[in-house]
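In this note's numbering, the protein residues as written are 13 to 180.
No residue lacks a Cβ here, since even glycine has one placed at the ideal position from N, Cα and C.
Please read the structure below before turning to the comments.
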Amino acid sequence: MWHVPSLSTSKFLDFIAPIDVKYAGPENMNMLHDVMGIITNVFKIRRFPFACRERETNYEARYVKFTITDNMEKKMTGIVVGKLCEWFVNHWARRTSSIMYNYDPIVAVLNNWRITDYHGKNVLMSEYGFSKFYINPTFEDVDISLYIRGYMLEDDKDDVMVEVVEEN
């Protein structure tokens, strides 16, 4: 377990870039970070090796790995653990299996996540009972529709099927 600093009284999010996660130094591993991006891949539920005591569940041993991409198409890996994992899996399944789901990008905001070494790579991992995971949030400080538009514009540049018409 890591030492978790006391709660901040600030109400804003301080987002970090994927390159800061990829090349994080030891000083950044002891801090909690905020990230925003589009969820592009979700893997199946797995378990850390864990022995439950009598009358306990193994919820805290479960985790899900996912990929989050920022609007510059830089990817980060995230690992959500424990009860937050259960919450994420339920919300993700409900949203993607809905009749209203039209493969629109799903924006996630990760609040108070730690950079951790996982199989030789730096990843974002949730802290037990401390991290927050927001799916398509409605924050005053964050314009989700503008963020998605920026992501879609970057995606359209690589689309070979887009017709380019010269202006006269």
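Let's see if you can read the secondary structure: which residues bound the alpha helix (DSSP H) around residue i?
| i | result |
| --- | --- |
| residue 128 | It is not in any alpha helix (DSSP H) - residue 128 instead sits in the beta strand (DSSP E) that spans 119-130. |
| residue 25 | That residue, residue 25, is in no alpha helix (DSSP H); it is neither H nor E in DSSP. |
| residue 154 | Run containing residue 154: none; DSSP gives neither H nor E here. |
| residue 40 | 38-41 |
| residue 31 | 30-34 |
In the DSSP assignment, the beta strand (DSSP E) including residue i goes from what residue to what residue?
| i | result |
| --- | --- |
| residue 46 | 44-59 |
| residue 137 | 133-138 |
| residue 147 | 144-147 |
Would the beta-carbon of residue i fall within 8 Å of that of residue j?
| i | j | result |
| --- | --- | --- |
| residue 25 | residue 92 | no |
| residue 62 | residue 73 | yes |
| residue 50 | residue 28 | no |
| residue 99 | residue 45 | no |
| residue 101 | residue 148 | no |
| residue 123 | residue 144 | yes |
Please look up how many angstroms separate the CB atoms of residue i and residue j, rounded, as I've assumed it's under 8 Å.
| i | j | result |
| --- | --- | --- |
| residue 90 | residue 158 | Rounded, the Cβ-Cβ distance is 22 Å, inconsistent with contact. |
| residue 84 | residue 47 | Not quite, the Cβ-Cβ distance comes to about 13 Å (not below 8 Å), so this is no contact. |
| residue 35 | residue 58 | Between residue 58 and residue 35 the Cβ distance is about 26 Å, and since that is not below 8 Å, they are no contact. |
| residue 146 | residue 94 | The pair is not a contact, with the Cβ atoms about 17 Å apart (cut-off 8 Å). |
| residue 30 | residue 77 | With a Cβ gap of about 16 Å, residue 30 and residue 77 do not count as contacting. |
Going by DSSP, name the residue or residues bridged to residue i.
| i | result |
| --- | --- |
| residue 75 | 58 and 93 |
Exercise for the section: Could you tell me which uninterrupted alpha helix (DSSP H) segments, each at least 4 residues in length, are contained entirely in the region 77-108, listed from first to last along the chain? Expected result: The qualifying runs are 95-108.
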